[in-house]
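**Q**
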Amino acid sequence: MLLYLVQNPEKLHKLVAEIRKTFQREEDIKIATLRDLPYLNAVINEGLRLKNPVPGGLPRIVPPGGDIYVDTLLPPGVSIHHLTRYSNITDRCRQPFSIGHSNCIEIWLVIARLLWAFDVAETEKRLDWTKLKTLMIIQKESIMLSIKIREGINELSKTT
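Heads up, the sequence shown is in my numbering, so the first residue is 28 and it goes up one at a time.
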């Protein structure tokens with residue numbers, strides 16, 4: 028999720044602004060109030076949609092060079108499964124972890140506290156998640172991020 032954010036700085040800045048405007052001190056960040064931040068919720072839901080945390084899954088696009096399935100040639104770049112009857116999926120159908128009140132509560136806390144306390148940026152080494160190999164799990168490469176303590180954080184921590 029952080030990789031997508033640093034590769035889209037305008038989205039990252041919008042999220043950071045929402046978090047820092049809402050919370051004056053880090054200890055004010057509570058799960059009950061995080062669910063009320065619309066942009067944070069949108070970012071997390073989109074991040075989970077783009078990269079489901081559950082390993083596995085089926086490839087959605089025929090790889091370069093094409094492939095053969097049951098004596099049928101599939102041209103490269105074709106989406107294998109895109110039925111219109113499944114295009115009207117509701118939020119109820121998108122549950123990467125769990126459902127209900129305790130649906131991966133720590134992701135909200137981790138993202139909010141990290142972006143409240145630190146400035147995150149992309150480094151020169153850019154990683155394209157779409158090029159990573161996926162078998163039963165994603166064969167990950169190093170993700171290089173620049174993470175620096177937020178300027179003025181000591182003054183913010185001292186306020187009561």
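Every residue, glycine too, gets a C-beta built ideally from N, C-alpha and C.
When we look at the beta-carbon of H128 and count the other beta-carbons within 10 Å, is it buried (16 or more) or exposed?
**A** Position 101 of the sequence shown, counting from 1, holds the residue named residue 128. In this prediction, H128 scores a pLDDT of 48, lower than 50, which makes its location untrustworthy; no coordinate-derived value is stated.
**Q** Which residues in the same chain have their Cβ closer than 7 Å to the Cβ of D94, if we skip the five residues on either side of it in sequence?
**A** Position 67 of the sequence shown, counting from 1, holds the residue named residue 94. These residues qualify, in order along the chain: L101.
**Q** For R153 and E133, what's the separation of their Cα atoms in angstroms?
**A** By 1-based counting over the sequence shown, the position of residue 153 is 126. By 1-based counting over the sequence shown, the position of residue 133 is 106. Distance between the alpha carbons of R153 and E133 is about 27 Å.
**Q** Can you check the stretch 30-102 for any beta strand (DSSP E) of at least 3 residues that lies completely inside it and give the ranges in chain order?
**A** Entirely contained in the stretch 30-102, the beta strand (DSSP E) runs reaching 3 residues are, in chain order, 94-96, 99-101.
**Q** On a Cα-Cα basis, can you pick out the residue from N68, E37, Q34, K48 that is closest to V137?
**A** For the purposes of this step, residue 137 is taken as residue 110 along the sequence shown, with counting starting at 1. When each option's Cα is compared against that of V137, the closest is N68.
**Q** Checking the sheet assignment: what are the DSSP bridge partners for L172?
**A** As a first step, residue 172 is located in the sequence shown; it is residue number 145 there, counting from the start. BP columns for L172 point to E149.
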